[in-house]
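A.B. asks: Shown below is the structure under consideration.
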Amino acid sequence: MTQQPVIQVKNLVARFGDEIILDNISFDVFKGEIVSIIGTSGSGKSTLLRHVIGLNRPYSGQILIENIDIATCDQATQQNMFRKIGVLFQGGALFGSMTLAENVALPMLEYTDLPKDVIARLVFMKLCQFDLAAYPDYLPAQLSGGMRKRAGLARAMALNPHLLFLDEPTSGLDPIKSTEINNLILDINQNSQTTIIIVTHELKTVFNISDRILMIDKSTKKIIAAGNPHDLATKSKHPTVRQFLNNGDA
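Next up, the structure:
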């Protein structure tokens, strides 16, 4: 039996004013996959991510998550869908005036009716999972870059989402910290079968943890490559794809 996609993007056109950012983008993502969205700077990678998670509405086309059109569904359905989604924004996007524990608790407070003592226990468990149990009362500014990334992941995973969206999860980190974050992403995927979409320009992330990549071309505003990154690096007939994957021209 053919596996049903958990995400379907159909003929997506994204525009800001008169400027087309993405032109007729279509792809599927299947349960348990790690899919990386790549492309040169300004190609629309983060714009695509924001559309898929419902922050931007398509100019035209459809985005279906578990067969629900997130752009046209009612508010109650959309809120229920958001419970199944975790997002790590670029830089972590933690609230600077809130402690680490308060940041991680936010999704639980917003999307559940759990008692505060239960939330406190769940927050502690998440902090333990991401090796942050000693820092619940720290503000984001008191944490290192790698710790802020882990904290962002802890918050994104607060509700044990089916789908995890990560925007440049290793950018700005040294190679050791980048490897730690990549290993955390792999652990999340393998231990819970969480489907993960990553926006990245880091080739280590692309090659070490991605099942598939989707490459957006800045000039045509379309997907010009989709598949296993190792195969595409050597076998793609598109010179831009080979150049990016072999040289890291981001």
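By my numbering, the letter at position 182 of the sequence shown is numbered 876, and the numbering carries on one by one without gaps.
Cβ coordinates follow ideal geometry from the N, Cα and C atoms, glycine included.
Note that the structure is predicted; figures quoted are calculated from it, not measured.
Is residue 929 buried or exposed, if buried means 16 or more other CB atoms sit within 10 Å of its CB?
C.D. replies: As a first step, residue 929 must be located in the sequence shown, where it is residue number 235. Per the 10 Å Cβ criterion, exposed.
A.B. asks: Cutting at 6 Å between CB atoms, please list the residues of its own chain near residue 751, excluding the five before and the five after it.
C.D. replies: On the sequence shown, position 57 is the one that residue 751 refers to. Around residue 751: 765.
A.B. asks: Between the alpha carbons of residue 940 and residue 781, how many angstroms are there, rounded?
C.D. replies: The residue given as residue 940 occupies position 246 in the sequence shown. The residue given as residue 781 occupies position 87 in the sequence shown. Residue 940 and residue 781: Cα-Cα distance of roughly 29 Å.
A.B. asks: Where residue 706 and residue 831 are concerned, what is the direct C-alpha to C-alpha distance, given to the nearest angstrom?
C.D. replies: As a working mapping, residue 706 is identified with position 12 in the sequence shown. As a working mapping, residue 831 is identified with position 137 in the sequence shown. One C-alpha to the other measures close to 42 Å.
A.B. asks: Mind the definition here: the stretch 845-861 touches the stretch 772-779 only if three or more C-beta pairs lie below 8 Å; say whether that holds.
C.D. replies: Judged by Cβ distances under 8 Å, the stretch 845-861 makes contact with the stretch 772-779, as three or more pairs qualify.
A.B. asks: With a threshold of 16 other CB atoms inside 10 Å of the CB of residue 895, please say whether the residue is buried or exposed.
C.D. replies: Position 201 of the sequence shown, counted from the first residue, corresponds to residue 895. Per the 10 Å Cβ criterion, buried.
A.B. asks: Check whether the stretch 727-737 and the stretch 754-771 are in contact - that is, three or more C-beta pairs closer than 8 Å.
C.D. replies: These segments do not touch.
A.B. asks: Kindly identify the DSSP beta-bridge partner or partners of residue 692.
C.D. replies: Outside the displayed range of the chain (695 to 944) lies residue 692, so it cannot be described from this structure.
A.B. asks: Taking C-beta to C-beta, are residue 670 and residue 910 nearer than 8 Å?
C.D. replies: Residue 670 is absent from the structure shown; the chain starts at 695 and stops at 944.
A.B. asks: Does DSSP put residue 697 in a helix, in a strand, or in coil?
C.D. replies: Counting from one through the sequence shown, the residue named residue 697 turns up at place 3. The answer is coil: DSSP assigns residue 697 none of H, G, I, E or B.
A.B. asks: If residue 907 and residue 880 are in contact, beta carbons under 8 Å, what's the gap, nearest whole angstrom?
C.D. replies: The residue given as residue 907 occupies position 213 in the sequence shown. The residue given as residue 880 occupies position 186 in the sequence shown. Their Cβ separation, rounded to whole angstroms, is 16 Å, which puts residue 907 and residue 880 out of contact at 8 Å.
A.B. asks: Inspect the beta-carbon positions of residue 892 and residue 730 and report whether they are closer than 8 Å.
C.D. replies: Translated into positions along the sequence shown, residue 892 becomes position 198. Translated into positions along the sequence shown, residue 730 becomes position 36. A contact, by the Cβ cut-off of 8 Å.
A.B. asks: Please say whether residue 700 and residue 721 have beta carbons closer to each other than 8 Å?
C.D. replies: Locating residue 721 in the sequence shown gives position 27, where the first residue counts as 1. Locating residue 700 in the sequence shown gives position 6, where the first residue counts as 1. The answer is no: Cβ separation not under 8 Å.
A.B. asks: Output yes or no for whether 8 Å exceeds the beta carbon distance between residue 852 and residue 820.
C.D. replies: To locate residue 852, count along the sequence shown from 1; it is residue 158. To locate residue 820, count along the sequence shown from 1; it is residue 126. Result yes, Cβ atoms of residue 852 and residue 820 sit closer than 8 Å.
A.B. asks: Give the C-beta separation of residue 794 and residue 826 to the nearest angstrom, bearing in mind that I take them to be a contact with Cβ-Cβ under 8 Å.
C.D. replies: Locating residue 794 in the sequence shown gives position 100, where the first residue counts as 1. Locating residue 826 in the sequence shown gives position 132, where the first residue counts as 1. About 6 Å; that satisfies the 8 Å criterion.
A.B. asks: Of the residues 744, 898 and 708, which one's Cα is nearest the Cα of residue 865?
C.D. replies: For the purposes of this step, residue 865 is taken as residue 171 along the sequence shown, with counting starting at 1. Among 744, 898 and 708, the Cα nearest to that of residue 865 belongs to 898.
A.B. asks: Name the one or two DSSP bridge partners that residue 713 has.
C.D. replies: Here the question's residue 713 lines up with position 19 in the sequence shown. DSSP, once it has assigned bridges, lists 710 as partnering residue 713.
A.B. asks: Take residue 874 and list the residues in its own chain whose beta-carbon comes closer than 7 Å to its own, dropping the five residues that flank it on each side.
C.D. replies: Sequence index remark: in the sequence shown, residue 874 carries index 180 (1-based). Same-chain partners within the cutoff: 840.
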